[in-house]
Amino acid sequence: TRRITVRDIAAAKERGEKWPMLTAYDAMTASVFDEAGIPVLLVGDSAGNCHLGYETTVPVTLDEMTMLSAAVVRGTNRALIVADLPFGSYQEGPVQALRSATRLIKEAGVGAVKLEGGERSHRQIELLVESGIPVMAHIGLTPQSVNAMGYRVQGRGEEAAQQLLRDAKAVQDAGAFAVVLELVPAELAAEVTRSLHIPTVGIGAGPECDAQVLVWTDMLGLTGGKMPRFVKQYADLRSVIGDAAKAYAEDVVGGTFPLEEHSVH
Ligand code: KIV
Ligand code: NA
């Protein structure tokens, strides 16, 4: 088997096929998603909140992203692996972006990188693409800018909508192979999707995007706490794992594990 490539992604839009993306931060979880047929896995810097215990994505380092991305690549055979460039690893300019992306490509073995920002990041995208590195863009709510924008719906109102459309065009013109639209009104996401020839990947961006992405710990009910409206929870792993841990603890305390059948002589 060969891996999915950005050319397969382009072909899917031509055929009008929708596709799912999930985040992954470790080899084992990634292998389950890969075997389930998820075509694109994102080693998101949401690993900051969902895997590394930070409050936001802002503290995540390139070293951390490289380590997690390498694990996800090792755990998979078929999926296209996209790794986030973390905050501070590309904002200085195109050369810094290229140096950072090169590490993720060479050391971790990912097939593409993702970075945040539309017009403001188009020079970075251009140099990466020129250098042979496929880039997924990310506009709308961009969590690395939480200190400036907070976490709220983007693109509401005529001016903000026009800016989002300009951002979408800018990343397409710079050569991005896809663009994440995070937390934007469904009607606007639909308009962006119709106006681009590259696929849009929605999260909280309505049903008309070409693809969808969810954070795996949200999708499987591991995250805990109140979920945003756009998350659909397909399992309740927090209960599954918690109940199993309690049962194990009771067995050990009560002397019902291990038994003869678990013992060697
Ligand atoms: O880091 C992440 O998980 C992301 C997705 C939400 C698009 O950037
Ligand atoms: Na991210």
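Quick note, the sequence shown lines up with residues 30 to 294 if you use UniProt numbering.
We put the CB at the ideal spot given by N, CA and C, even for glycine.
Contact under 8 Å by Cβ, residue i with residue j
i	j	result
G147	I162	no
E220	L170	no
L127	S160	yes
S60	T105	yes
I232	V209	yes
L156	P123	yes
G204	I154	yes
G179	L193	no
D37	A108	no
P49	Q191	no
Among the options, the one whose alpha carbon lies nearest that of residue i
i	options	result
A141	G283, G73, H226	G73
I270	K255, A39, T285, L249	L249
V164	E84, A39, V293, Q191	A39
Y54	E46, E43, G66, R103	R103
G45	A276, T222, A278	T222
E187	N176, E216, V209	E216
R152	L133, E121, I134, Y83	E121
P257	R132, L243, K135	L243
Nearest-angstrom Cβ-Cβ length linking residue i and residue j, presumed shorter than 8 Å
i	j	result
L70	L51	6 Å
D239	V260	No, D239 and V260 are not in contact; Cβ-Cβ is about 20 Å, not under 8 Å.
T85	V175	5 Å
A218	A234	4 Å
In DSSP terms, what residue i is bridged to
i	result
L156	Per DSSP, none; premise fails for L156.
L243	L51
Cut-off 6 Å between Cβ atoms - residues of its own chain near residue i, not counting five sequence neighbours on either side
i	result
V42	For the record, residue 42 in the displayed sequence is Lys; it is not Val. Here the set comprises P228, D239.
L114	S129, V142, L144
P172	T86
H80	Y54
V89	D74, G77, P115
K255	none
Sequence-distant residues of the same chain with beta carbon closer than 7 Å to residue i, five excluded per side
i	result
A137	T95, S98, A99, V102, A112
Same chain, Cβ closer than 8 Å to residue i, five either side skipped, listed in chain order
i	result
R267	G250, L251, T252, G253
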